[in-house]
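Colleague:
Residue numbers (this note's numbering): 6 to 310.
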């Protein structure tokens, strides 16, 4: 994977590196004890016949040779209290998987990274993979071989920072809620997202419920006993892109309500088919957060799995 343009990196006040920048020329480290290997890292030089109590560490190069800075901007330039920075590799996934991540940012592990400054193999897109976070010495960033690409705009960089914060501070849901409701909701969400993306790319028309999922920018959830509420955040721009606002700039209120009803029915059908005796039910609501009372919204947690 190559960048269309890149530049050397300097830690100075004129052009300091920022959270979300992509860097090449670094490496990542994986540590373990005893016999432990990761099939996702086939190129790693794993230790040969380690003992059960042998601790070890290996250096592994990302297949793309690109990594993304995870540390906050102030920590990157602070040489006193912060001698290191955190990086995670960019990995390639099929375009369809990237589109699903890009639509809602639903994964706690992977983030759909901007692709317009990279030359990519056909059918693949880059994502940040937090499974392999590595600490590197800050002085490494000034090595001559290290190059930098900055594809983020201000709002997108802020969204990336928000996603990182959510990864480590997200509200945990019980195993029962995940297995009996959220896994099934996610199945329906992914299926409808793929349908919406496919229709958008081919010029076709997706189902109402697929367009409703395509209009959601974030998902939230709260648990109320056996009832699990899922809230999809809408914006006027996302509703326009999904076809719920007509040429006269009017919102199709009836169509959106019907789409929400069909989405809820699809989730309920999946739950009844796979977890009929789980004792839980789901309620799906789609709304512009500007219209949701703050007292009610505070009960919800960002739904990042």
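Ideal Cβ placement from N, Cα and C applies to all residues, glycine included.
Could you tell me the distance, in whole angstroms, from the CA atom of residue 250 to the CA atom of residue 279?
Modeller: If you take the alpha carbons of residue 250 and residue 279, they lie about 35 Å apart.
Colleague: Using only the alpha-carbon positions, how far apart do residue 138 and residue 29 sit?
Modeller: One C-alpha to the other measures close to 15 Å.
Colleague: Go through the region 39-116 residue by residue and report every complete run of the beta strand (DSSP E) that reaches 3 residues or more, in order.
Modeller: List check, beta strand (DSSP E) in window: 60-65, 71-74 and 89-99.
Colleague: Measure the CB-CB distance between residue 93 and residue 225 and report whether it falls below 8 Å.
Modeller: No. Outside cutoff.
Colleague: Less than 8 Å between C-beta atoms, sequence neighbours within five positions excluded: which residues of the same chain meet that for residue 145?
Modeller: Only 31 and 151 meet the Cβ criterion.
Colleague: Do you know how far the Cα of residue 285 is from the Cα of residue 233?
Modeller: Approximately 7 Å, taken between the alpha carbons.
Colleague: Quick one: grab the DSSP three-state call for residue 293.
Modeller: Strand, per DSSP.
Colleague: Would you kindly work out how many angstroms separate the C-alpha atoms of residue 291 and residue 236, rounded to a whole number?
Modeller: If you take the alpha carbons of residue 291 and residue 236, they lie about 6 Å apart.
Colleague: For residue 216, which of 241, 246, 283 and 192 has the nearest alpha-carbon?
Modeller: When each option's Cα is compared against that of residue 216, the closest is 246.
Colleague: Using a Cβ-Cβ cutoff of less than 7 Å, which residues in the same chain neighbour residue 140 once the five nearest sequence positions on both sides are dropped?
Modeller: Excluding sequence neighbours, residue 140 sits near 89 and 91.
Colleague: Have a look at residue 10 and residue 120 and give me their C-alpha separation to the nearest angstrom.
Modeller: Distance between the alpha carbons of residue 10 and residue 120 is about 12 Å.
Colleague: Per DSSP, which residues does residue 306 bridge with? Please list them.
Modeller: Per DSSP, 226.
Colleague: Who does residue 139 pair with in a DSSP beta bridge?
Modeller: Answer is 92, bridged to residue 139.
Colleague: Do the region 178-195 and the region 59-74 touch if we need at least three Cβ pairs shorter than 8 Å?
Modeller: Segments in contact, no.
Colleague: What residues are listed by DSSP as bridge partners for residue 124?
Modeller: DSSP lists 7 as partners of residue 124.
Colleague: Just to check my reading of the structure: residue 61 and residue 34 have Cβ atoms closer than 8 Å, yes? What is that Cβ distance to the nearest angstrom?
Modeller: Not confirmed; about 11 Å, so no contact.
Colleague: Please confirm whether residue 260 and residue 157 have their CB atoms less than 8 Å apart.
Modeller: No.
Colleague: So the candidates are 53, 96, 47 and 56; which of them puts its Cα closest to the Cα of residue 27?
Modeller: It is 96.
Colleague: What would DSSP say about residue 18, mapped onto helix, strand or coil?
Modeller: Here the model assigns residue 18 a pLDDT of 47, short of 50, so the residue's position is not dependable, and the following value carries that caveat. Coil.
Colleague: Using C-beta distances below 7 Å, list every residue in its chain close to residue 18, excluding the 5 sequence neighbours before and after it, in chain order.
Modeller: At residue 18, the pLDDT of 47 sits below 50, so the modelled position is not reliable; the number obtained from the coordinates is stated separately. The answer is none, since no qualifying residue turns up.
Colleague: With a threshold of 8 Å on Cβ separation, who are the neighbours of residue 273 within its own chain once the five nearest residues in sequence on each side are excluded?
Modeller: The residues are 286 and 287.
Colleague: State the Cα-Cα distance for the pair residue 160 and residue 57, rounded to the nearest angstrom.
Modeller: One C-alpha to the other measures close to 48 Å.
Colleague: Contact defined as beta carbons within less than 8 Å: I believe residue 309 pairs with residue 175. What is the distance between those atoms, to the nearest angstrom?
Modeller: With 8 Å as the limit, residue 309 and residue 175 qualify as a contact, their Cβ atoms being about 5 Å apart.
Colleague: Could you say which of 21, 303 and 169 lies nearest to residue 143 if we only look at CA atoms?
Modeller: For residue 143, the nearest C-alpha among the options comes from 21.
Colleague: Check the DSSP bridge columns for residue 159 and list the partner residues they point to.
Modeller: None; residue 159 has no bridge partner.
Colleague: Kindly indicate the opening and closing residues of the alpha helix (DSSP H) around residue 191.
Modeller: Segment 188-207, the alpha helix (DSSP H) holding residue 191.
Colleague: Taking the alpha-carbon positions, what's the residue 13 to residue 154 distance?
Modeller: Rounded to the nearest angstrom, the two C-alpha atoms are 9 Å apart.
Colleague: In the DSSP assignment, the beta strand (DSSP E) including residue 238 goes from what residue to what residue?
Modeller: From DSSP, the beta strand (DSSP E) with residue 238 extends over 232-239.
Colleague: Can you give me the C-alpha to C-alpha distance between residue 303 and residue 218, rounded to a whole angstrom?
Modeller: For residue 303 and residue 218, the distance between alpha carbons rounds to 22 Å.
Colleague: Rounded to whole angstroms, what's the CA-CA distance from residue 263 to residue 186? Just pull it up for me.
Modeller: Roughly 22 Å separates the two Cα atoms.
Colleague: Just confirm the distance between the C-beta atoms of residue 129 and residue 99, as a whole number of angstroms; I'd bet it's less than 8 Å.
Modeller: At roughly 6 Å, the Cβ-Cβ gap stays under 8 Å, so residue 129 and residue 99 are in contact.
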